[in-house]
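Quick mapping for you: the protein sequence lines, in order, are chains A and B. The numbering of the first sequence is the working numbering, which starts it at 78 and goes up by one. The numbering of the second sequence is the working numbering, which starts it at 100 and goes up by one. No residue lacks a Cβ here, since even glycine has one placed at the ideal position from N, Cα and C. Keep in mind that this is a model prediction, so the values were computed, not measured.
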Amino acid sequence: MAENSNLFDDNIAYPQGFNPESQSFDPEKALYDALQTYQKNEIGLETDHIIVNIGPQHPSTHGVFRVAVILDGETIVNLKPVMGYLHRNHEKIGERNTYIMNMPYTDRLDYLASMSNNFGYALAVEKLMGIKPPERADYIRVMMAEMTRISNHLFLIGSLLNDLGAYFTPMLYALEERELILDIFEAVAGSRMMCNFFRFGGIARDLPEGTLQKIKEIFFERLPRKIDEIDRFLSENEIIRSRGVGQGVLTPENAIRFSATGPLLRASGIPYDIRRAEPYSIYNRFEFDVCTRKNGDIYDRLMVRFDEIRQSIRIIQQAAKQIPEGPVMSVKPMYQVRVPPGEAYGRVEGPKGELGFYVVSDGKPNPWRYHVRAPSFINLTAFGPMCIGQKIADVVGVLGSIDIVLGEVDR
Amino acid sequence: MAAPLSSQTQELSSRFSNRINVDTRPGYSGWLLDKSHLLEFAIALRDEFGYDYLSSITGVDYLPEGKMEIVYQVYRTTGGPGLMFKVQVPRTDPVEVPSLVSTYPGAELQEREAWDLLGIKFTGHPDLRRIFYVGRFRRFPLAERLARAILRRRCQTF
């Protein structure tokens, strides 16, 4: 019958006696059993602990993400994140694609910061191929990466304040500035969010006429004023301080142990920034500070992002003044790139943390293995321990301040 | 990632003598270990050499050579280039490797991902469940198992 015929039916070799269709265990029961492994406090009256699912459909889970918590009244005793609702099998598709075909797929990993994803992938494959982009391409790459960082942090400010209860007012203040950056992306790359702008050996095309002038207008005159305005409204606000200061604390030792990176690590006080620790591209030519804060609570994670926006504006100002003329691709644009066999791990400081691409090549047109080290996914290891002992209303604040994007968590 | 620095090479090979080897495949870099020395090596890296930040754990399936490889990247939070080390296990059923969760707790979700996608079991992991393919899915999507690799190299451009 036409419905049952499968062209590739005899191409799969299963082990002996394995039937993929048989049902053997209940995954929900496994999750709830894993949740029950916590310290039970037997003092006083015996109470029941309730399991609550802050389910995949929820306005403040930033996408389809589920959190299973066990509550003692309103205090959390154990928490486990459950993900996989947006899993699109990015890594296996990466093995099917050729190298250049993978570039638009990387846009859709962290869909709010697409130029950073492109940057990491281009760095990894350029390491394998042994080529470097020309100067002008490097300056444009750095400017685009820093603009992506500003755009992501503005979106985070908006959505974190939405989660904390301020609805849409701060979000619209922040998104209005983000629209200017997205207009520049549209002029340069053709698309607002899924830019697909970087290529191996440079970038796809040069900046159009007048774009550099527009960048200078925004980043020298308009954006510093507006960021100070938003900061003035938010950082002294009593509600944000009482919901943020001292809640969801991540100590520095725990942050390193749980492999947290990015603003999550720096808000706890560890000054680790890949742009300074192991500089890539031309970041060693710019003057900027590594922003840290001392306490590691929700308020500090919000403020460290304001600091980072200011440092990114500083980098863009220097790059816009120093940018030379020249070509933007160091090799001839090719449809089928020739990549020698080997492996490479290229990492960038994305807006959410360390974004790394591990590519293994065997000389053929497609990669043999393609793995993405997603910062949002790995920062979630710290989510459980950070929330234990807090009230359930703080889960939403902590999740918002970790800054996850489901495209990256699930790939 | 660049080849390990020569000072690092000296220190590591003198500390571990003949239990670790440099990866000499063309285009590859890093150290190759046997899985029985993994925990000891990881604890020594974290405590003596200062590599306290585990960046990523990946599994790679080399079907032609009959091996599964687990690749670890560690860095120092004081900065500088990192260290890549790999454990190769033969591709039998089941594939078992000691878990690094006791040394680097950040490995928890990443080892669950390697179990889910490739079928590598980490012994000693506190909670080894599937992470993406939760449900009654019982295959390992990224482990190569095609009898004839027609579908493997299908995409060409122009």
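Residue i (DSSP reduced to helix, strand or coil)
i: A:V437; result: strand
i: A:I465; result: coil
i: B:D226; result: coil
i: B:E110; result: helix
i: A:L311; result: helix
i: B:N120; result: strand
i: B:S154; result: strand
i: B:H136; result: helix
i: A:N194; result: helix
i: A:L108; result: helix
i: A:M406; result: strand
i: B:P189; result: strand
i: B:M167; result: strand
i: A:Y216; result: helix
i: A:D480; result: coil
i: B:I249; result: Because B:I249 carries a pLDDT of 44, less than 50, the predicted location of this residue cannot be relied on, and the following value inherits that uncertainty. Here B:I249 sits in coil by DSSP.
i: A:G224; result: Checking the sequence shown, residue 224 of chain A turns out to be Met, not Gly. Helix at A:M224.
i: A:S38; result: With chain A running from 78 to 488 in the structure shown, residue 38 of chain A is simply not present.
i: B:W214; result: helix
i: A:E123; result: coil
i: B:V233; result: coil
i: B:S201; result: coil
i: A:Q388; result: helix
i: B:F115; result: helix
i: B:A242; result: coil
i: A:N456; result: helix
i: A:M411; result: coil
i: A:I208; result: coil
i: B:M100; result: Because the pLDDT of B:M100 is 41, which lies under 50, any placement of that residue in the model is unreliable, and the question is left without a value.
i: A:G325; result: coil
i: B:G178; result: coil
i: A:V473; result: helix
Cross-strand partners of residue i (DSSP beta bridge)
i: A:N273; result: According to DSSP, A:N273 bridges with nothing at all.
i: A:E431; result: A:E426
i: B:E195; result: B:K220
i: A:A421; result: A:V436
i: B:L144; result: According to DSSP, which records beta bridges pairwise, B:L144 is partnered with nothing at all.
i: B:W130; result: B:V121, B:F184
i: B:Q172; result: B:S155, B:M183
i: A:I128; result: A:I147
i: A:R450; result: A:G433
i: A:Y115; result: Answer is none; A:Y115 lacks a bridge partner.
i: B:Y161; result: B:K166
Beta-carbon proximity of residue i to residue j, cut-off 9 Å
i: A:I375; j: A:S478; result: yes
i: B:T222; j: B:E195; result: yes
i: B:L137; j: B:P197; result: yes
i: A:E431; j: B:S154; result: yes
i: A:I280; j: A:M224; result: no
i: A:T183; j: A:N443; result: no
i: B:K185; j: B:L131; result: yes
i: B:L199; j: B:Y150; result: no
i: B:K134; j: B:V170; result: no
i: A:Y198; j: A:N155; result: no
i: A:S336; j: A:T152; result: no
i: A:S438; j: A:L200; result: no
i: A:Q113; j: A:Q324; result: no
i: A:L231; j: A:A214; result: no
i: A:S268; j: A:F262; result: yes
i: A:I469; j: A:V141; result: no
i: A:E212; j: A:G403; result: yes
i: A:I217; j: A:I400; result: yes
i: B:G126; j: A:E420; result: yes
Item to check | Residues in the segment 204-232 of chain B having any Cβ partner in chain A nearer than 9 Å | outcome: P204, G205, A206, E207, L208, Q209, E212, D215, L216, P225, D226, R228, R229, I230, F231, Y232
Item to check | Segments assigned alpha helix (DSSP H), at least 4 residues, entirely inside the segment 327-379 of chain A | outcome: 329-334, 340-343, 351-354
Next on the checklist: Restricting to runs no shorter than 4 residues, where is the alpha helix (DSSP H) found entirely within the segment 227-307 of chain A?
Outcome noted: 246-266, 288-293
Item to check | Residues within the segment 174-186 of chain B neighbouring chain A, beta-carbon criterion of under 9 Å | outcome: Y174, R175, T176, T177, G178, G179, P180, G181, M183
Checklist entry - Looking at chain B, which residues of the segment 448-467 of chain A have a Cβ within less than 7 Å of any of its Cβ atoms? => result H448, R450, F454, I455, L457, T458
Item to check | Inside the segment 134-188 of chain A only - alpha helix (DSSP H) runs reaching at least 4 residues | outcome: 167-173, 180-184
Checklist entry - Between the segment 244-274 of chain A and chain B, which residues of the former have CB atoms less than 8 Å from a CB of the latter, in chain order? => result none
Item to check | Proximal residues, the segment 135-165 of chain B versus chain A, C-beta separation under 7 Å | outcome: D151, Y152, L153, S154, S155, T157, V159
Checklist entry - What residues in the segment 414-426 of chain A have a beta carbon less than 8 Å from any beta carbon of chain B? => result P417, P418, G419, E420, A421, Y422, R424
Next on the checklist: If the cut-off is 9 Å on Cβ atoms, which residues from the segment 330-346 of chain A count as contacting chain B, listed in chain order?
Outcome noted: N331, I333, R334, F335, S336, A337, T338, L342
Checklist entry - Which residues, in chain order, does the segment 122-135 of chain B contribute to contact with chain A at a C-beta distance below 7 Å? => result P125, G126, Y127
Checklist entry - Along the segment 126-147 of chain A, what residues have a CB closer than 8 Å to any CB found in chain B? => result none
Next on the checklist: To be precise: take each residue of the segment 103-118 of chain A, compare its Cβ to all Cβ atoms of chain B, and keep it if any distance is under 8 Å. Which residues remain?
Outcome noted: P104, A107, L108, A111, T114
Next on the checklist: Tell me which residues of the segment 351-383 of chain A have at least one Cβ-Cβ distance to chain B shorter than 8 Å, keeping chain order.
Outcome noted: R353, A354, E355
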